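The opening position of the sequence shown corresponds to residue 1 in the UniProt record's numbering, with each subsequent residue numbered one higher. Backbone N, C-alpha and C fix where the C-beta goes; we use that ideal spot for every residue, glycine too. Note that the coordinates shown come from a computational prediction; the quantities given were computed from them, not determined experimentally.
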Amino acid sequence: MATILQGNFIESLPSKVYYRKMFESLTDYCFGSDDKKKFKEAISKLNKYGKINSIENRLMKALCRVSFTYTGEECDIQCHKLYYWLGNELLLSELEKDSFPEVIKLLEDVSNALHERDNCKCIFFKNTNKETFEKMKVVSDYCEDHEQIEKTLELHKKTCDSKFNEYLLKATSIYEEVYKCTENNSEEYCSVIKEHVPSCFKKKLSHLKCEIKQVSAENKGESQYNTTILDPEYVIN
C-alpha cells in the first residue's frame, strides 16, 4: 500500500537543498573582505534597516560565497538563486514593504564591492515589491522542483496530506498566473522570471495535483523525507 506524501517532503526538494548547501554554509567566505573599504561602506548603508540587523551576517556570508565564483554561466545561475534566497530572508524578517527594493539594491552594491577581475558580480532585479518577488520565487523554485514532485507523487499514488496539498495548490496557481503573464509580457517581472528559468516557459509544465488523505497518528511525521532522519545525500542540514 502506497504511503501518503507528507509536507516534510518540501524540505527535500532540489531548490531547498540548493539554498541550504550554497547559502547557509557554516564557512565564512567573507574572511579577508572586512578590510575592503568599499565592502565596509556598502554594509554600513544597511544599518538603518533595523529589522535585518539580526540576519546581516547571514546575508553577507551568502554574498561572499558567490563572489568566489568566476564569471560565466555558473555565475548567472548562482546570482539568480542568490537573489531568491536573499529576498526570502528579507520577507521572513518582515522588512517594511517600501524598503524591499531599496535593500535589494544595497545588497547588489555589496556584491559589486566584493567583485574582483574575472569573479562573479550579481545584478539583481530591483523594480519589484514583496508581492511580485514572492511570485517570482515560487515559480523559480517550482520550475526546479517540478520533475521531482511529479515522480514522487506517482510513487505515492498522488495522495498527500493537507500541508503538502496547500503548498502544491499555491505553487501551481502562481505558476499558471505567471505563465499567462509571460505570454504577453504585460509585467516586467514576468519577463525577468522568464529569463531566469526559460525552460519552464518554452513548454508549459504539466499540472500537478494530489488527493488529500488523512495520515495515521503512528505515521505522522515519519517518512523517508523527514529532515531529522534523512541521509545528507538528499538533504543538506
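So what's residue i in DSSP terms, helix, strand or just coil?
{"i": "E56", "result": "helix"}
{"i": "I212", "result": "strand"}
{"i": "N88", "result": "helix"}
{"i": "Y49", "result": "coil"}
{"i": "C181", "result": "helix"}
{"i": "L5", "result": "strand"}
{"i": "T159", "result": "strand"}
{"i": "Y29", "result": "coil"}
Buried or exposed: residue i, going by 16 or more other Cβ atoms within 10 Å of its Cβ?
{"i": "I77", "result": "exposed"}
{"i": "Y83", "result": "buried"}
{"i": "F164", "result": "buried"}
{"i": "F31", "result": "exposed"}
Ordered along the chain, which non-local residues of its own chain (more than five positions away) have a Cβ less than 6 Å from that of residue i?
{"i": "K170", "result": "none"}
{"i": "C160", "result": "L5 and C210"}
{"i": "C75", "result": "T69 and C120"}
{"i": "S206", "result": "none"}
Can you tell me which of the options puts its alpha carbon nearest to the alpha carbon of residue i?
{"i": "residue 321", "options": "L107, V138 and N129", "result": "There is no way to answer for residue 321, as the model of the chain reaches only from 1 to 237."}
{"i": "V110", "options": "N53, M136, G32 and M60", "result": "M60"}
{"i": "L208", "options": "K38, V192 and Q148", "result": "Q148"}
{"i": "N47", "options": "T132, L106 and E177", "result": "L106"}
{"i": "S12", "options": "T152, K202, E73 and I52", "result": "T152"}
Here's a check: name, in chain order, each residue in its chain whose Cβ is nearer than 7 Å to the Cβ of residue i, leaving out the five neighbours to either side.
{"i": "N112", "result": "K121"}
{"i": "V215", "result": "I4, Q6 and D161"}
{"i": "E188", "result": "N127"}
Leaving out five residues on either side along the sequence, give the residues of the same chain with a beta carbon under 8 Å from the beta carbon of residue i.
{"i": "K204", "result": "Y179"}
{"i": "residue 239", "result": "The structure shown has nothing for residue 239, since the chain only spans 1 to 237."}
{"i": "Y29", "result": "K61, C64, R65, S67 and F68"}
Entirely enclosed alpha helix (DSSP H) segments - the segment 91–174, minimum 4 residues
100–114 and 130–155
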